[in-house]
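Participant:
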Amino acid sequence: AYGQITADGANVNLSNVRIADGSAPDSPTNGLAVVGGAVVSAQNITVSGQTGAGLLAQDGRLTINAGLIFSNTDGLAATGGVVTITNVTWQNHTDAAVQIDGVSLTFTSNVVQSNTIGVDCLNVADRPVLNNNTFTNNAISLRAWAENLASNSLTGNAFSGTNAIIELRGGALQQDVTWPAFSGHTYKVSDHLSVPAGRKLTVQGGATVRVDTDNSIKVYGELIAAGTLGNPITFTSVADNAPGTWD
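Residue numbers (our numbering): 8 to 254.
1) For my contact list, Asn164 and Leu208 are in at a C-beta cut-off of 8 Å; report their separation, rounded to the angstrom.
2) For Asn20, which of helix, strand or coil comes out of DSSP?
3) So the beta strand (DSSP E) Thr36 belongs to, where does it begin and stop?
4) Mark Asn140 as exposed unless 16 or more other C-beta atoms lie within 10 angstroms of its C-beta, in which case mark it buried.
5) Measuring only the C-alpha atoms, how far is Thr101 from Thr36?
6) If you draw a straight line from the C-alpha of Val131 to the C-alpha of Leu112, how long is it?
7) Our contact map puts Val202 next to Leu230 with C-beta atoms below 8 Å; I'd like the distance itself, whole angstroms only.
8) At which residues does the beta strand (DSSP E) containing Ala183 begin and terminate?
9) Return the bridge partner residues of Trp152 from the DSSP annotation.
10) What number of angstroms, rounded off, separates the C-alpha of Ala45 from the C-alpha of Tyr227?
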């Protein structure tokens with residue numbers, strides 16, 4: 008239920024370590040588990056072949072600098088705590104490369120490729136900072152609550168592939184939010200989204216916003232969508248091929 012290596016309330020440093028191909032008769036296997044308030048630092052770590060998570064973090068502090076996390080169900084599954092990830096390649100995860108729930112996540116200069124979901128934010132309170140990352144050929148690049156993306160949440164990232172999608176769960180914005188425009192990607196609003204009075208949603212020129220079937224964007228506060236003739240903003244349905252598919 009924990010990991011092939013489990014840090015429980017301990018201070019652990021790992022360098023040039025490979026954790027591979029766990030097996031258990033009655034539960035998914037995890038590679039490295041950080042539990043009980045443990046503090047773990049890893050450099051040049053490779054984790055693969057786990058039926059659960061390559062990295063499992065629960066209310067600890069995990070820092071990864073350089074590595075390869077591939078071919079697990081989840082690359083990282085984190086609940087609570089503080090996670091800092093730099094210069095890691097995440098690929099071929101059948102669920103999410105990175106999944107967080109109530110985590111302070113700083114995610115910088117990583118490569119996220121060929122996963123079902125790149126980064127998945129489960130908790131409406133998650134405020135990830137994702138800067139200078141490359142997302143390639145993921146079914147969904149990033150899935151977050153619409154209010155998660157503050158003005159400094161997404162800078163310097165690159166998106167490419169057949170479905171370079173940032174999926175935004177709905178709800179009411181609790182803060183002012185900016186949706187940056189990135190070449191080669193679209194936003195997907197998968198539930199009703201509202202901008203309450205006193206809140207502001209800014210959509211940058213060049214962005215494409217696709218709203219899922221029977222959902223809508225309701226503005227009671229302020230919406231700034233200032234495109235230009237050469238760099239317009241598009242609001243459309245997910246299908247983008249017929250009228251009547253979003254509210």
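A virtual CB, placed ideally from N, CA and C, is assigned to each residue, including glycine.
Facilitator: Reading off the structure:
1) Going by Cβ atoms, the distance from Asn164 to Leu208 rounds to 20 Å, so no, they are not a contact pair.
2) DSSP, read as helix, strand or coil, puts Asn20 in strand.
3) If you look at Thr36, you'll find it isn't in any beta strand (DSSP E); DSSP assigns it neither H nor E.
4) Buried is the call here.
5) Approximately 14 Å between the Cα atoms of the pair.
6) Between Val131 and Leu112, the C-alpha separation is close to 14 Å.
7) The C-beta distance from Val202 to Leu230 rounds to 6 Å, short enough to meet the 8 Å contact threshold.
8) Here the sequence assigns Asp to residue 183, which means Ala is not the residue at that position. Premise fails: Asp183 is in no beta strand (DSSP E) and is neither H nor E.
9) Bridge pairing for Trp152: Arg176 [DSSP].
10) Going by C-alpha positions, Ala45 is about 44 Å away from Tyr227.
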